[in-house]
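Visitor: For what it's worth, full-length UniProt numbering labels the leading residue of the sequence shown as 1, then goes sequentially. Input: one structure, supplied below.
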Amino acid sequence: MIPYGKQDITQSDIDAVVEVLTSDFLTQGPMVPAFEQKVADHVGAKHAFAVNSATSALHIACKALGLGPGDWLWTTPITFVASANCGLYCGAQVDFVDIDPKTYNLCPQALEAKLEAAELENRLPKVLVAVHLCGQPCDMEAIYNLSQRFGFRIVEDASHAIGGKYKGEFIGNGHYSDITVFSFHPVKIVTTAEGGMALTNDDELASHMNLLRSHGVTRDQQLMTHEPDGPWYYQQVELGYNYRMTELQAALGISQMGRLDEFVVRRHELAKSYDQLLEGLPVTTPWQHPDSYSGLHLYVIRLQLGGINKTHRQVFESLREHGIGVNLHYIPVHTQPYYQEMGFEPEAFPQAMQYYREAISLPMFPNMPVSVSIKISDILKGLLND
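Structure (structure tokens):
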């Protein structure tokens with residue numbers, strides 16, 4: 001089975017991990033700060049905090065922004081559930097904004113209309129999670145301008161997008177948001193096996209997230225309530241979590257970051273190959289906004305169902321039967337049973353539902369040869385012309 005995505009591990013990656021295994025530190029050593037600095041320097045952010053998953057990064061981001069009971073978090077329905085669940089973890093309520101039919105990201109026009117209505121009802125969001133689906137950034141300037149008008153904070157869920165750019169600058173620099181989150185899951189652009197990172201330019205948010213990821217415990221005397229009892233002393237100054245990243249993961253991340261640009265370039269080469277191979281078929285290939293340079297974590301096509309004699313499910317299952325591990329990113333969050341119990345109607349977000357009825361993620365990963373994209377395209381062509 002050809003997977004839709006997978007890690008690219010070299011001997012250099014293995015050597016970096018083995019070196020840590022034979023060192024004095026498996027956790028809370030020098031590698032995590034070095035990895036944080038590596039990512040921060042690459043994207044142009046002031047602070048970076050590595051954690052054990054992007055879900056944890058989203059959680060501490062929302063907590064640092066003061067999200068809590070009585071507040072609202074808004075995000076897109078076309079994302080993994082973590083982008084919404086982070087609001088529920090904080091005791092807040094969650095709502096969604098429909099997607100743009102071309103980028104599949106949260107639509108700024110739909111957001112503006114929803115904000116105007118929410119202002120009249122006194123239910124404006126405190127936090128908006130803008131998800132860069134497939135690696136293509138949202139229209140962050142438009143979203144930022146709305147945040148200034150309506151007073152909400154912004155978290156960029158850039159789990160798919162490290163190495164991508166918006167308006168010529170790396171995603172993660174924080175120019176249009178309070179906090180950016182990256183994921184380092186094995187199918188993502190670079191991997192630490194599991195892992196995530198939260199980045200910010202705000203010193204106060206940085207201090208807060210640093211506490212939250214490690215039990216709320218500090219040895220910083222400036223954060224303590226009184227003079228330390230001795231050199232052994234630490235204080236828990238708030239309720240935090242055990243979200244730390246290990247030294248092994250960080251070492252792998254540092255090694256992988258050395259090939260980040262190479263990974264993204266290769267993804268663009270594969271996407272261009274797909275674009276050419278699929279031309280003329282009854283599918284819609286990914287459209288790229290001129291302001292963006294996508295990380296291209298995913299290559300999603302949409303079936304033009306009116307032009308074929310098979311259903312979405314039939315095409316999906318046929319591709320799997322041919323050994324092609326296609327996937328669907330994502331089932332709209334508001335249709336999940338947990339969210340259905342909150343009263344969400346499936347058709348409340350029609351663009352998201354239409355996307356779900358048509359979308360298929362084709363395999364794409366850095367060490368995938370072009371011959372595989374040719375094979376996949378030929379099989380798909382046969383299925384759609386049958």
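C-beta: ideal position from N, C-alpha, C; glycine also. Keep in mind that this is a model prediction, so the values were computed, not measured.
1) The alpha helix (DSSP H) spanning residue 335 covers which residue range?
2) Could you give the DSSP three-state label for residue 326: helix, strand or coil?
3) Which residues in the same chain have their Cβ closer than 6 Å to the Cβ of residue 319, if we skip the five residues on either side of it in sequence?
4) Go ahead and pull the three-state DSSP assignment for residue 95.
5) Looking at C-alpha atoms only, which residue of 134, 149 and 135 is the closest neighbour of residue 141?
6) Can you list, in chain order, the residues of its chain whose CB lies under 8 Å from that of residue 123, leaving out five sequence neighbours each side?
7) Could you check what DSSP says for residue 55 in three-state terms: helix, strand or coil?
8) Give me whichever residues DSSP pairs with residue 153 in a beta bridge.
9) Using 10 angstroms around the beta-carbon of residue 12, count the other beta-carbons present and answer buried if the total reaches 16, otherwise exposed.
10) Can you tell which of 223, 358, 5 and 372 has the C-alpha that lies nearest to the C-alpha of residue 310?
11) Helix, strand or coil for residue 42, going by three-state DSSP, please let me know.
12) Can you check whether the C-beta of residue 61 is within less than 8 Å of a C-beta belonging to chain E?
13) Please identify the residue among 128, 91, 269 and 381 whose C-alpha is closest to the C-alpha of residue 106.
14) What residue range does the alpha helix (DSSP H) around residue 361 cover?
15) For residue 392, collect the residues of the same chain with a Cβ closer than 6 Å to its Cβ; drop the 5 residues on either side in sequence, then sort them by chain order.
16) State the CB to CB distance for the pair residue 253 and residue 192, rounded to an integer number of angstroms; the pair is presumed to be in contact (CB under 8 Å).
17) Name the residue from 323, 112, 245 and 89 whose alpha carbon lies nearest to the alpha carbon of residue 197.
18) Taking 8 Å as the threshold (C-beta atoms), are residue 238 and residue 211 in contact?
19) Pick out whichever of 62, 355 and 16 has its Cα sitting closest to the Cα of residue 209.
20) Assign residue 14 to one of two classes, buried (16 or more other C-beta atoms within 10 Å of its C-beta) or exposed (fewer than that).
Guide: In this structure, then:
1) From DSSP, residue 335 is part of no alpha helix (DSSP H); its letter is neither H nor E.
2) Note: residue 326 maps to coil in three-state DSSP.
3) Closer than 6 Å at Cβ, skipping near neighbours: 326.
4) Residue 95: strand per DSSP, three-state reduction.
5) Cα-wise, what sits closest to residue 141 is 149.
6) Here the set comprises 72.
7) Helix, per DSSP.
8) Answer by DSSP bridge pairing, in chain order: 127.
9) It counts as exposed.
10) Nearest C-alpha to residue 310 among 223, 358, 5 and 372: 358.
11) Three-state DSSP puts residue 42 in a helix.
12) Among the chains in the structure shown there is no chain E, since it carries only a single protein chain.
13) Ranked by how close their Cα comes to the Cα of residue 106, the residues 128, 91, 269 and 381 have 128 in first place.
14) Where residue 361 is concerned, there is no enclosing alpha helix (DSSP H), although the beta strand (DSSP E) it sits in stretches over 359–362.
15) The structure shown does not extend to residue 392, since the chain is modelled only from 1 to 386, so the question has no answer here.
16) That pair is a contact at about 4 Å.
17) Of 323, 112, 245 and 89, the residue nearest in Cα terms is 245.
18) It is a contact, given that the beta carbons lie within the stated cut-off.
19) When each option's Cα is compared against that of residue 209, the closest is 62.
20) Residue burial is scored here from C-beta neighbours: residue 14 has fewer than 16 other C-beta atoms within 10 angstroms and is therefore classed as exposed.
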